[in-house]
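Asker:
2 protein chains.
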Amino acid sequence: MDLNPILSRVDADLPAAMDRLLELLRIPSISTDPAFAEDCARAADWLVADLQSIGFAASARPTPGHPMVVAHYDGPPDNSGPHILFYGHYDVQPVDPLDLWDRAPFDPAVEETAKGPVIRGRGSADDKGQLMTFIEAFRAWKAEKGSLPFKITVFLEGEEESGSPSLIPFMRDNAAELRADLAMICDTGLFESKVPAIVTMLRGLLGEEITIHGPNKDLHSGMYGGAAINPIRVLNKVLASLHDETGRIAIPGFYDGVRELSDEMRSQWQSLAFDHAAFLGDVGLSVPAGEQDRTPLEMLWSRPTAEVNGIWGGYIGAGSKTVLPAEAHAKLTFRLVPGQDPLDLREKFRAHVRAQLPADVTVEFHAHGASPAGEMTVDHPAFQATRAALSEEWGRPAAFVGCGGSIPIAGYFKTELGMDALLTGFGHDDDQIHSPNEKYAVESFHKGIRSWVRVLARLAG
Amino acid sequence: MDLNPILSRVDADLPAAMDRLLELLRIPSISTDPAFAEDCARAADWLVADLQSIGFAASARPTPGHPMVVAHYDGPPDNSGPHILFYGHYDVQPVDPLDLWDRAPFDPAVEETAKGPVIRGRGSADDKGQLMTFIEAFRAWKAEKGSLPFKITVFLEGEEESGSPSLIPFMRDNAAELRADLAMICDTGLFESKVPAIVTMLRGLLGEEITIHGPNKDLHSGMYGGAAINPIRVLNKVLASLHDETGRIAIPGFYDGVRELSDEMRSQWQSLAFDHAAFLGDVGLSVPAGEQDRTPLEMLWSRPTAEVNGIWGGYIGAGSKTVLPAEAHAKLTFRLVPGQDPLDLREKFRAHVRAQLPADVTVEFHAHGASPAGEMTVDHPAFQATRAALSEEWGRPAAFVGCGGSIPIAGYFKTELGMDALLTGFGHDDDQIHSPNEKYAVESFHKGIRSWVRVLARLAG
Numbered sequence: 001m002d003l004n005p006i007l008s009r010v011d012a013d014l015p016a017a018m019d020r021l022l023e024l025l026r027i028p029s030i031s032t033d034p035a036f037a038e039d040c041a042r043a044a045d046w047l048v049a050d051l052q053s054i055g056f057a058a059s060a061r062p063t064p065g066h067p068m069v070v071a072h073y074d075g076p077p078d079n080s081g082p083h084i085l086f087y088g089h090y091d092v093q094p095v096d097p098l099d100l101w102d103r104a105p106f107d108p109a110v111e112e113t114a115k116g117p118v119i120r121g122r123g124s125a126d127d128k129g130q131l132m133t134f135i136e137a138f139r140a141w142k143a144e145k146g147s148l149p150f151k152i153t154v155f156l157e158g159e160e161e162s163g164s165p166s167l168i169p170f171m172r173d174n175a176a177e178l179r180a181d182l183a184m185i186c187d188t189g190l191f192e193s194k195v196p197a198i199v200t201m202l203r204g205l206l207g208e209e210i211t212i213h214g215p216n217k218d219l220h221s222g223m224y225g226g227a228a229i230n231p232i233r234v235l236n237k238v239l240a241s242l243h244d245e246t247g248r249i250a251i252p253g254f255y256d257g258v259r260e261l262s263d264e265m266r267s268q269w270q271s272l273a274f275d276h277a278a279f280l281g282d283v284g285l286s287v288p289a290g291e292q293d294r295t296p297l298e299m300l301w302s303r304p305t306a307e308v309n310g311i312w313g314g315y316i317g318a319g320s321k322t323v324l325p326a327e328a329h330a331k332l333t334f335r336l337v338p339g340q341d342p343l344d345l346r347e348k349f350r351a352h353v354r355a356q357l358p359a360d361v362t363v364e365f366h367a368h369g370a371s372p373a374g375e376m377t378v379d380h381p382a383f384q385a386t387r388a389a390l391s392e393e394w395g396r397p398a399a400f401v402g403c404g405g406s407i408p409i410a411g412y413f414k415t416e417l418g419m420d421a422l423l424t425g426f427g428h429d430d431d432q433i434h435s436p437n438e439k440y441a442v443e444s445f446h447k448g449i450r451s452w453v454r455v456l457a458r459l460a461g
Numbered sequence: 001m002d003l004n005p006i007l008s009r010v011d012a013d014l015p016a017a018m019d020r021l022l023e024l025l026r027i028p029s030i031s032t033d034p035a036f037a038e039d040c041a042r043a044a045d046w047l048v049a050d051l052q053s054i055g056f057a058a059s060a061r062p063t064p065g066h067p068m069v070v071a072h073y074d075g076p077p078d079n080s081g082p083h084i085l086f087y088g089h090y091d092v093q094p095v096d097p098l099d100l101w102d103r104a105p106f107d108p109a110v111e112e113t114a115k116g117p118v119i120r121g122r123g124s125a126d127d128k129g130q131l132m133t134f135i136e137a138f139r140a141w142k143a144e145k146g147s148l149p150f151k152i153t154v155f156l157e158g159e160e161e162s163g164s165p166s167l168i169p170f171m172r173d174n175a176a177e178l179r180a181d182l183a184m185i186c187d188t189g190l191f192e193s194k195v196p197a198i199v200t201m202l203r204g205l206l207g208e209e210i211t212i213h214g215p216n217k218d219l220h221s222g223m224y225g226g227a228a229i230n231p232i233r234v235l236n237k238v239l240a241s242l243h244d245e246t247g248r249i250a251i252p253g254f255y256d257g258v259r260e261l262s263d264e265m266r267s268q269w270q271s272l273a274f275d276h277a278a279f280l281g282d283v284g285l286s287v288p289a290g291e292q293d294r295t296p297l298e299m300l301w302s303r304p305t306a307e308v309n310g311i312w313g314g315y316i317g318a319g320s321k322t323v324l325p326a327e328a329h330a331k332l333t334f335r336l337v338p339g340q341d342p343l344d345l346r347e348k349f350r351a352h353v354r355a356q357l358p359a360d361v362t363v364e365f366h367a368h369g370a371s372p373a374g375e376m377t378v379d380h381p382a383f384q385a386t387r388a389a390l391s392e393e394w395g396r397p398a399a400f401v402g403c404g405g406s407i408p409i410a411g412y413f414k415t416e417l418g419m420d421a422l423l424t425g426f427g428h429d430d431d432q433i434h435s436p437n438e439k440y441a442v443e444s445f446h447k448g449i450r451s452w453v454r455v456l457a458r459l460a461g
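Structure (structure tokens):
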């Protein structure tokens, strides 16, 4: 199929596409703040109308929280071709601290920068700008060809930035309607801001909070110091025991089930020539701090971690206070990789802590969230098709990459709907998502749209 | 000398002595709160007038803070006998939380309790009730004998509960006037609330605050976790390294100069039959947590400690946050014993921390206070005389004890005025000093006065 007419239309229509995106960005759809509930509904309605204008059967579907946008486009009468679901989210992060913004967050505009023009405004990269890349691709394709090449479902969430409380119930209640051959999730970025990337490994997450209890009240360190156990001291010992001297996690059984990287992935990642000096240098560091026998990308993508995210106990005000506190606390998260069972690891962590407690000390555990790691089946034909399409558009081979963080939606498509998911997107590392002055490169938007046109063509076969 | 007439007078005068104490307790001389400055001055004036009524040349001496009460009683014309200074403090702790008091803190009264009558009110035990024991002893002695047996100086401070900012300058400016053969400090308690005690060892104190710096900003643990160093992890390792598995402090050189207990002290302390099970049991503990080869009393009185009094870093709010913080903090204090130099130990601690820092991590130290341990020269004749007097009054041998905390005044008499100091007092462990419902046993007050009568007699020779 000759894609040039469609791609040319994308190029010609870019100014209008930008105007549409700016219109959507002007709606302050902050999902976590109830004061913006009407704006969230307005953003959903705007998307419904836009999708209807392209020929989708679209509606905003109520939930206990913000609405879901669901839109269907029927494929050819013979039902040939795949059925692909496209996911994005129309809600955005809060904007504080407002005084750090160089312009009003919901008064978006195109700005010239040293790296080229960008669309500045809350939600431009996360995720309105990204979800509009596939919608604009549908629009251009439809305008040029009269119809889309196969059956498409669009599923846009409005609670991604506020914990997605309605997502799983909605998926379950509408499973038959939502189920497709594959979910395309457009909420990630380019690798090192330049290489098109498909995320194939996502780390899981396990959260724990522990409280070490010692004496039954705060004690004076003069009167009791030396004879009374100090819970902070116990907490330090316990937490210091989580890693050995080589950076390896020392909880017995922690690595059970962890697999080595496949040769294909290892060679893929090596070819990325990851600049870890620049990556760490940006945040004032120089030496990778993980397991000494692993590469930096392994540390970030395919190896589990144990981190203390918060610690507190005793007197933390100004000056000095000679207190032996009754208790000490820490919040931890573990990043998990494929093969690790979060609930099993929770028990192993707790057993490891309990085994180290001296007399007179008790521990209290509080469970935070647990989600397993995700690993995509890259031999799915759509992965190779998408990879080829991205490589073509960006002029360099698209990479299969890992992601150190957790993107729960990918797992939910699998567990709730039995679908594989493919994560790709066009964000830059410096897009300031979740921060003031969020932006999205015009190039990301433009080439993102063109990328989806190519993906549609490849998937249509 | 037949002391019975004086002791009988003490007994007979007890109701009037209690009334005087209650009057003093009604003055809310909270030194730390400027709103009570006039009350502090009023308490000083009350004491001046009372001492004048016994024949002292007394005055309230202005300082940049609250006044000092200084009073002199000249000894016999032939200057025979010692010159003894008596120290106490007329200021009191704040009273909050007020709602935990069973009566208004400055509306004192005698209350019957299961353990006998007590004087309830702020300052009753710390230190107004105690300082009035020696003043009442002077009164009774003078009333019975016409004059006091030797030269006496009374020195009462009004800033003990607020860091004594004026104390050292005042001592220096008035050194010649204040210098005596010995200072009697009445601000301590009975051992285990029953054995009369003279404190002969006081631990010193060294305070340090450390901040571990890692990345130049807070990082997301998904994006950076595994490759970026976590300052909390470093802090845990450093703090966990302060003690070895036997409870011994592992800072190189930390025990340099620490002396073993003398045979006399060891046998003294053994004879006390310290009930450490009850001591620890009161606060929910059972096993002494210090060096495993030391007795509980050594842990508390004659061995140094290293304690983390406060620790904080990262996210400490509700729920979970996947942050790798830019820094982590801890406040520490070390209890020191004779032979240890605080400033030398500060450097040893800092070197120990620095030696453990991995790449990319820096540490910032902030010094809190440093004061050496104190050890009294118990072969001073006054110690034996006082001990004999106390043993006589209380019907059981008075003990030479240690004190795990720091009482800086004793050291100041030595360093500023070249005087030895003797610490004794009649408080109970459950007097609730610094807490709501402070009390002082009527027995402590009564037998305290009688004790001082006996001490005066012994010191007069």
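Protein sequence lines correspond, in order, to chains F and Z.
All residue numbers for the first sequence refer to UniProt numbering, where the first residue is 1 and numbers rise by one.
All residue numbers for the second sequence refer to UniProt numbering, where the first residue is 1 and numbers rise by one.
We put the CB at the ideal spot given by N, CA and C, even for glycine.
From a predicted model like this one, the values you see are computed outputs, not experimental measurements.
Just to check my reading of the structure: serine 444(F) and histidine 434(F) have Cβ atoms closer than 8 angstroms, yes? What is that Cβ distance to the nearest angstrom?
Answerer: For the purposes of this step, residue 444(F) is identified with residue 444 of the first sequence, where counting begins at 1. For the purposes of this step, residue 434(F) is identified with residue 434 of the first sequence, where counting begins at 1. About 17 angstroms; that fails the 8 angstroms criterion.
Asker: Evaluate the contact criterion for the stretch 150-165 of chain F versus the stretch 385-398 of chain F: three or more CB pairs, one atom per stretch, below 8 angstroms.
Answerer: no
Asker: Is there a Cβ of chain F sitting closer than 9 angstroms to that of serine 5(Z), yes or no?
Answerer: Mapped onto the second sequence, residue 5(Z) falls at position 5. Looking at the sequence provided, one finds proline at residue 5(Z) rather than serine. So, not an interface residue.
Asker: Our contact map puts isoleucine 449(Z) next to alanine 17(Z) with C-beta atoms below 8 angstroms; I'd like the distance itself, whole angstroms only.
Answerer: As a working mapping, residue 449(Z) is identified with position 449 in the second sequence. As a working mapping, residue 17(Z) is identified with position 17 in the second sequence. Contact holds; Cβ gap of about 7 angstroms.
Asker: Does the beta-carbon distance from phenylalanine 56(F) to cysteine 186(F) come in below 9 angstroms?
Answerer: Residue 56(F) sits at position 56 when you count from the first residue of the first sequence. Residue 186(F) sits at position 186 when you count from the first residue of the first sequence. Contact: no.
Asker: Tell whether a beta-carbon distance below 9 angstroms holds between isoleucine 251(F) and lysine 348(F).
Answerer: Your numbering for residue 251(F) matches position 251 in the first sequence. Your numbering for residue 348(F) matches position 348 in the first sequence. Yes, they are a contact pair.
Asker: If the criterion is Cβ atoms closer than 9 angstroms, does the pair glutamine 52(F) and alanine 58(F) meet it?
Answerer: Here residue 52(F) is taken as the residue at index 52 of the first sequence, counted from 1. Here residue 58(F) is taken as the residue at index 58 of the first sequence, counted from 1. The answer is yes: Cβ separation under 9 angstroms.
Asker: Could you list which residues in chain Z have their beta carbon closer than 7 angstroms to that of glycine 284(F), in chain order?
Answerer: Translated into the one-based positions of the first sequence, residue 284(F) becomes position 284. Ordered by position in chain Z, the residues that pass the 7 angstroms Cβ test against glycine 284(F) are Pro215 and Asn216.
Asker: Using a C-beta to C-beta distance shorter than 9 angstroms, which residues of chain F count as neighbours of tryptophan 312(Z)?
Answerer: Taking the second sequence and counting its residues from 1, the one referred to as residue 312(Z) is at position 312. Neighbours of tryptophan 312(Z) on chain F, chain order: Gly310, Ile311, Trp312, Gly313, Gly314 and Ile316.
Asker: So threonine 133(F) is in the alpha helix (DSSP H); what residue range does that whole segment cover?
Answerer: For the purposes of this step, residue 133(F) is identified with residue 133 of the first sequence, where counting begins at 1. Taken as a continuous stretch (DSSP letters only), the alpha helix (DSSP H) holding threonine 133(F) covers 128-145.
Asker: Between arginine 350(Z) and chain F, is any beta-carbon pair separated by less than 9 angstroms?
Answerer: Here residue 350(Z) refers to the residue found at position 350 when the second sequence is read from its first residue. No - not a single Cβ of chain F is within 9 angstroms of the one on arginine 350(Z).
Asker: Could you tell me the alpha carbon to alpha carbon distance between glutamine 166(Z) and glycine 65(Z), rounded to whole angstroms?
Answerer: Translated into the one-based positions of the second sequence, residue 166(Z) becomes position 166. Translated into the one-based positions of the second sequence, residue 65(Z) becomes position 65. With the sequence shown as reference, residue 166(Z) is identified as serine, and glutamine is not the correct amino acid for it. Rounded to whole angstroms, serine 166(Z) to glycine 65(Z) spans 6 angstroms at the Cα level.
Asker: Quick one: which unbroken beta strand (DSSP E) runs of 3-plus residues sit fully inside the stretch 232-300 of chain F? Chain order, please.
Answerer: Complete beta strand (DSSP E) runs here, min 3: none at all.
Asker: Below 8 angstroms, can you find three or more Cβ-Cβ pairs linking the stretch 364-384 of chain Z to the stretch 275-291 of chain Z?
Answerer: no
Asker: Could you confirm whether any beta carbon from chain F is found closer than 9 angstroms to the beta carbon of histidine 243(Z)?
Answerer: The count along the second sequence starts at 1 and reaches residue 243(Z) at position 243. Yes, because at least one Cβ of chain F sits closer than 9 angstroms to the Cβ of histidine 243(Z).
Asker: Along the stretch 355-382 of chain F, where does the CB come closer than 8 angstroms to a CB of chain Z? Name the residues.
Answerer: Pro358, Ala359, Asp360, His368 and Gly369
Asker: Would you be able to state if there are at least three C-beta pairs under 8 angstroms between the stretch 317-337 of chain Z and the stretch 299-314 of chain F?
Answerer: At 8 angstroms Cβ cutoff, the stretches touch.
Asker: If the cut is a Cβ gap below 8 angstroms, which residues of chain F does histidine 276(Z) touch?
Answerer: Working through the second sequence from its first residue, we reach residue 276(Z) at position 276. What histidine 276(Z) touches in chain F: Ala227.
Asker: Determine the burial state of aspartate 244(F): buried for a count of at least 16 other Cβ atoms within 10 Å of its Cβ, exposed for fewer.
Answerer: By one-based count along the first sequence, residue 244(F) stands at place 244. So aspartate 244(F) counts as exposed.
Asker: Would you identify the three-state DSSP class for histidine 352(Z), choosing helix, strand or coil?
Answerer: Residue 352(Z) sits at position 352 when you count from the first residue of the second sequence. Three-state DSSP puts histidine 352(Z) in a helix.
Asker: For the beta strand (DSSP E) containing isoleucine 168(F), list its first residue and its last residue.
Answerer: Here the question's residue 168(F) lines up with position 168 in the first sequence. It is not in any beta strand (DSSP E) - isoleucine 168(F) instead sits in the alpha helix (DSSP H) that spans 167-173.
Asker: Does any residue of chain Z have a CB that is nearer than 9 angstroms to the CB of serine 193(F)?
Answerer: For the purposes of this step, residue 193(F) is identified with residue 193 of the first sequence, where counting begins at 1. It does not: the Cβ of serine 193(F) has no partner Cβ on chain Z nearer than 9 angstroms.
Asker: Please classify glycine 425(F): is it buried, with 16 or more other beta-carbons within 10 angstroms of its beta-carbon, or exposed?
Answerer: What you label residue 425(F) is simply residue 425 of the first sequence in a count that begins at 1. Counting Cβ neighbours within 10 Å, glycine 425(F) comes out buried, since at least 16 surround it.
Asker: If residue 477(Z) and phenylalanine 150(Z) are in contact, beta carbons under 8 angstroms, what's the gap, nearest whole angstrom?
Answerer: Outside the displayed span of chain Z (1 to 461) sits residue 477(Z), for which this structure offers no information.
Asker: Whole angstroms is fine: what's the gap from serine 451(Z)'s alpha carbon to proline 436(Z)'s?
Answerer: Your numbering for residue 451(Z) matches position 451 in the second sequence. Your numbering for residue 436(Z) matches position 436 in the second sequence. Cα-Cα distance, rounded: 28 angstroms.
Asker: Per DSSP, tryptophan 312(F) forms a beta bridge with which residues?
Answerer: Here residue 312(F) corresponds to residue number 312 of the first sequence, with the count starting at 1. BP columns for tryptophan 312(F) point to His329(F) and Trp312(Z).
Asker: Counting only runs of 3+ residues fully inside the stretch 377-430 of chain F, write out the beta strand (DSSP E) ranges in chain order.
Answerer: 399-403 and 420-424
Asker: Can you grab the Cα-Cα spacing for the pair isoleucine 409(F) / threonine 415(F), in whole Å?
Answerer: On the first sequence, position 409 is the one that residue 409(F) refers to. On the first sequence, position 415 is the one that residue 415(F) refers to. For isoleucine 409(F) and threonine 415(F), the distance between alpha carbons rounds to 10 angstroms.
Asker: Output, in chain order, the set of chain Z residues within a Cβ distance shorter than 9 angstroms of arginine 387(F).
Answerer: Along the first sequence, read from residue 1 onward, the residue named residue 387(F) stands at position 387. Result: empty, since nearest Cβ-Cβ is about 23 angstroms, beyond 9 angstroms.
Asker: Determine the chain F residues that contact leucine 100(Z) at a beta-carbon separation under 8 angstroms, and present them in chain order.
Answerer: Locating residue 100(Z) in the second sequence gives position 100, counting from the first residue. Residues of chain F passing the Cβ test: none, with the nearest at roughly 13 angstroms.
Asker: In the DSSP assignment, find the alpha helix (DSSP H) that holds tyrosine 224(F) and state where it starts and stops.
Answerer: As a first step, residue 224(F) is located in the first sequence; it is residue number 224 there, counting from the start. Unbroken alpha helix (DSSP H) run through tyrosine 224(F): 221-224.
Asker: Which whole-angstrom value is the C-beta distance of glutamine 340(F) and glycine 257(F), which I expect to be below 8 angstroms?
Answerer: On the first sequence, residue 340(F) is found 340 positions in, with the first residue counted as 1. On the first sequence, residue 257(F) is found 257 positions in, with the first residue counted as 1. Indeed they touch by this definition, with Cβ atoms about 6 angstroms apart.
Asker: Sort out for me which residues DSSP pairs isoleucine 212(Z) with in a bridge.
Answerer: In the second sequence, counting from the first residue as 1, residue 212(Z) sits at position 212. In the DSSP output, where bridge partners are listed per residue, isoleucine 212(Z) has Ala328(Z) and Val363(Z).
Asker: Shorter than 9 angstroms from the beta carbon of glutamate 307(F) to some beta carbon of chain Z?
Answerer: Working through the first sequence from its first residue, we reach residue 307(F) at position 307. At least one chain Z Cβ lies under 9 angstroms of glutamate 307(F).
Asker: With a threshold of 7 angstroms on Cβ separation, who are the neighbours of tyrosine 224(F) within its own chain once the five nearest residues in sequence on each side are excluded?
Answerer: Start at 1 with the first residue of the first sequence, and residue 224(F) comes out as number 224. Excluding positions up to five away in sequence, the list reads Leu324.
Asker: Of all Cβ atoms in chain Z, is any one closer than 9 angstroms to the Cβ of lysine 414(F)?
Answerer: Taking the first residue of the first sequence as 1, we reach residue 414(F) at position 414. So no, lysine 414(F) is outside the interface.
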